[in-house]
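Asker: First to last, the protein sequences are chains A and B.
Our numbering applies: residue 27 is where the first sequence begins, and numbers increase by one.
Our numbering applies: residue 27 is where the second sequence begins, and numbers increase by one.
Following this message is one structure expressed as structure tokens.
Protein chains: 2
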Amino acid sequence: MAEVVAEVVAVIPFRQLNPKSRLSLFLNRKEREELAFFMLIDVLKTVFNSGVRDVVILLQSDEKIEEMQRKLKPAKLQVDTRDLNTAINDVLNDLINSSPVAVIVSDLPLLNEKILRKFLQEEGDVVIAPGRRGGTNMLLVRKPFRTSYHYGSFVKHVSTARFMNLKLKIFDSFFAGCDVDTPDDLLEVLLHAPDSNTGKFLKKLGFRVVLEKNPRLVRVLTG
Amino acid sequence: MAEVVAEVVAVIPFRQLNPKSRLSLFLNRKEREELAFFMLIDVLKTVFNSGVRDVVILLQSDEKIEEMQRKLKPAKLQVDTRDLNTAINDVLNDLINSSPVAVIVSDLPLLNEKILRKFLQEEGDVVIAPGRRGGTNMLLVRKPFRTSYHYGSFVKHVSTARFMNLKLKIFDSFFAGCDVDTPDDLLEVLLHAPDSNTGKFLKKLGFRVVLEKNPRLVRVLTG
């Protein structure tokens with residue numbers, strides 16, 4: 027089955043500027059940009075270790091592109107300032123006739139190599155790992171497809187696959203399902219992936235889990 | 027592997043009175059009690075269909091016990107008004123020398139038979155399906171064990187298993203990971219299990235999903 031994984035090209039969309047706005051009450055812009063970058067590093071490490079053929083990071087701006095290229099190699103960086111879906115669908119169209127394509131969101135610090143390999147080996151024309159709040163955290167396509175990453179992408183991707191008569195598989199994973207948008211999601215990182223780059227960064231910022239009736243997140247002042 | 031499942035006794039703790047207090051802003055007490063009951067019915071159906079040997083519903087009060095017994099048969103009802111952990115550990119102690127025991131929380135309307143059977147067939151002395159916010163949504167034990175269901179049960183169950191030198195397996199499931207405590211969790215029910223008893227009840231109450239940038243929940247006036 028290793029050959030199946032070695033055919034896949036992974037596409038990771040990444041927003042450098044002012045990401046994770048739903049964490050704005052808890053993290054300033056610089057911290058949110060760093061958090062997003064550490065999450066990308068965690069995902070990238072997992073994706074490379076899984077043994078895929080190539081990784082394309084799809085950037086939404088050319089901000090600090092040389093520095094990004096240096097830090098993220100051997101991933102290929104591609105800048106596309108257009109709407110996210112237009113950008114992803116263009117990459118998908120370019121690749122799909124020669125490789126299966128896995129679109130993986132960049133904020134999955136709980137993802138690990140074992141889960142990702144299982145996902146990439148799943149049968150089907152379209153395989154979807156749902157995220158919370160109706161998202162699509164990982165999408166594997168082996169036939170031409172059109173993505174739709176806003177306004178409840180999970181429901182839309184399921185409909186599109188059915189409409190196009192493609193064999194659809196839902197991939198059931200708690201850890202792949204934890205994308206990071208809210209403070210509750212940060213709690214998941216500290217509970218399940220405290221030693222990831224993301225987890226270490228959150229601890230450095232002073233975030234701690236308090237087990238008090240229900241686990242909750244606090245931020246303490248740090249040095 | 028069907029024999030493995032047929033040995034298991036499932037224990038489902040259930041709180042009849044004033045459950046799901048974190049939904050109090052959105053649902054009145056009667057609605058929350060009904061919601062909890064519909065979720066129990068969904069879980070119970072899944073558990074019976076999985077083919078386990080017996081199901082014990084562990085009630086925290088004897089309120090309306092005859093009506094409950096009638097509606098929930100063939101499950102065995104057991105009332106224990108003591109602290110939840112004391113009650114669960116007592117049942118566990120009674121059963122563990124003759125059967126593997128699966129403790130399953132009653133608010134998993136996204137759980138299905140296929141996932142549950144896979145869980146019950148998982149190897150290990152202790153198998154844990156994590157829930158959001160540090161919870162333990164399903165716990166399968168094949169050797170004596172002590173549960174600890176408050177204050178971050180996932181972390182505590184993992185520690186206990188390690189301390190007792192038991193073979194531990196983490197069961198990775200998005201759908202088993204969705205227990206229902208918050209309005210965000212209700213959104214998951216309407217997205218992924220709209221035709222469950224729970225989903226139909228929420229729709230009857232007027233809850234709808236609006237796909238507007240990010241999917242969100244609204245409640246419209248009904249009837």
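Ideal placement from N, C-alpha and C gives every residue a C-beta, glycine not left out.
Can you tell me whether Ala32 of chain A is buried or exposed, with buried defined as 16 or more other CB within 10 angstroms of its CB?
Answerer: With fewer than 16 Cβ atoms within 10 Å of its Cβ, Ala32 of chain A is classed as exposed.
Asker: Mind pulling the chain B residues with CB within less than 9 Å of Val129 of chain A?
Answerer: Those do not exist, as Val129 of chain A stays about 18 Å from chain B at its closest Cβ, beyond 9 Å.
Asker: So Lys102 of chain A is in the alpha helix (DSSP H); what residue range does that whole segment cover?
Answerer: Where Lys102 of chain A is concerned, there is no enclosing alpha helix (DSSP H), although the beta strand (DSSP E) it sits in stretches over Lys102 to Val105.
Asker: Under a Cβ-count criterion, where at least 16 other Cβ atoms within 10 Å of its own Cβ denotes burial, should Asn163 of chain A be classed as buried or exposed?
Answerer: Buried: at least 16 other Cβ atoms inside 10 Å.
Asker: Near Ile268 of chain A, which residues of its chain fall below 6 Å by C-beta distance, leaving aside the five closest residues on each side in sequence?
Answerer: Since the displayed chain A opens at 27 and closes at 249, residue 268 of chain A lies outside it and no answer follows.
Asker: Are Val105 of chain A and Leu85 of chain A touching if we call contact CB-CB under 9 Å?
Answerer: Yes, these two residues count as a Cβ contact at 9 Å.
Asker: What residue does the alpha helix (DSSP H) around Arg234 of chain B start on, and which one ends it?
Answerer: Careful: Arg234 of chain B lies outside any alpha helix (DSSP H), inside the beta strand (DSSP E) at Phe233 to Glu238.
Asker: Check whether the Cβ atoms of Ser179 of chain A and Ser199 of chain B lie closer than 9 Å to each other.
Answerer: Taking 9 Å as the Cβ cut-off, Ser179 of chain A and Ser199 of chain B do not qualify as a contacting pair.
Asker: Tell me the residue span of the beta strand (DSSP E) that contains Leu165 of chain B.
Answerer: Unbroken beta strand (DSSP E) run through Leu165 of chain B: Gly161 to Val167.
Asker: Thr208 of chain B and Val215 of chain B: beta carbons closer than 9 Å?
Answerer: No, Cβ-Cβ distance for Thr208 of chain B and Val215 of chain B is not below 9 Å.
Asker: Counting Cβ pairs, one atom from each stretch, are 3 or more of them under 8 Å apart for the stretch 66-84 of chain A and the stretch 229-245 of chain A?
Answerer: Output reads no: the stretch 229-245 of chain A does not touch the stretch 66-84 of chain A.
Asker: Could you pull the start and end residues of the beta strand (DSSP E) that Ala36 of chain B belongs to?
Answerer: Its beta strand (DSSP E) spans residues Val35 to Phe40.
Asker: Alpha carbon to alpha carbon, how far is Arg6 of chain B from Lys90 of chain A?
Answerer: Here chain B comprises residues numbered 27 to 249, so residue 6 of chain B is not present and cannot be evaluated.
Asker: Alpha carbon to alpha carbon, what distance is there between Val78 of chain B and Phe40 of chain B?
Answerer: The alpha-carbon atoms of Phe40 of chain B and Val78 of chain B are separated by roughly 19 Å.
Asker: Along chain B, which residues have their Cβ under 9 Å away from the Cβ of Val58 of chain A?
Answerer: Note that residue 58 of chain A corresponds to Arg in the displayed sequence, not to Val. The contacting residues do not exist; Arg58 of chain A stays about 17 Å from chain B at best.
Asker: For the stretch 199-217 of chain B, which residues have a CB atom closer than 8 Å to at least one CB atom of chain A, in sequence order?
Answerer: Listed in sequence order: Ser199, Phe200, Phe201, Ala202, Gly203, Asp210, Leu213, Glu214 and Leu217.
Asker: Who pairs with Gly157 of chain B in a beta bridge, going by DSSP?
Answerer: Answer by DSSP bridge pairing, in chain order: B:Gly161.
Asker: Could you compute how far the alpha carbon of Leu61 of chain B sits from the alpha carbon of Leu217 of chain A?
Answerer: Rounded to the nearest angstrom, the two C-alpha atoms are 29 Å apart.
Asker: For Leu166 of chain A, tell me which candidate among A:Phe145, A:Lys99, A:Tyr175 and A:Ala219 has the shortest Cα-Cα distance.
Answerer: Cα-wise, what sits closest to Leu166 of chain A is A:Phe145.
Asker: Looking at chain B, is there any beta carbon in it that lies within less than 9 Å of the beta carbon of Val34 of chain A?
Answerer: Not closer than 9 Å to any Cβ of chain B, the Cβ of Val34 of chain A fails to qualify, so no.
Asker: Helix, strand or coil for Pro135 of chain A, going by three-state DSSP, please let me know.
Answerer: Three-state result, Pro135 of chain A: coil.
Asker: Taking C-beta to C-beta, are Val127 of chain B and Leu194 of chain B nearer than 9 Å?
Answerer: Cβ distance not < 9 Å, so Val127 of chain B and Leu194 of chain B don't count as in contact.
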